[in-house]
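In the numbering used here, the protein residues as written are 7 to 105. Ideal placement from N, C-alpha and C gives every residue a C-beta, glycine not left out. Everything below concerns the one structure shown next.
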């Protein structure tokens, strides 16, 4: 699973405990390899703790913090840079912990 370098570090330090993706390739209990993109030599693993299916634009304030970000604007700016044109997408929300 790819993360930006700053969010990758937040996964490793435990301040990012959720991630949202367009596709569901994982199930609860999976241990997944993670890397920073662009790849900078750092890697690790996470464990999927829960999965929700929801509209991206309905993200709550507490979920934004679990994403490792501070504001809805910051989250949506990042989301649109990764998934242009998908600001109304239905996504999979993965709860995660560093394995």
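- Contact between residue 55 and residue 34 holds: their C-beta atoms lie close to 7 Å from each other, under 8 Å.
- DSSP places residue 78 inside the alpha helix (DSSP H), whose first and last residues are 78-88.
- DSSP lists no bridge partner for residue 93.
- Non-local beta-carbon contacts of residue 105 in its own chain, meaning distances under 7 Å to residues more than five positions away in sequence, involve 37, 51, 52 and 53 in chain order.
- Taking 8 Å as the cut-off, the Cβ atoms of residue 61 and residue 24 do not count as close.
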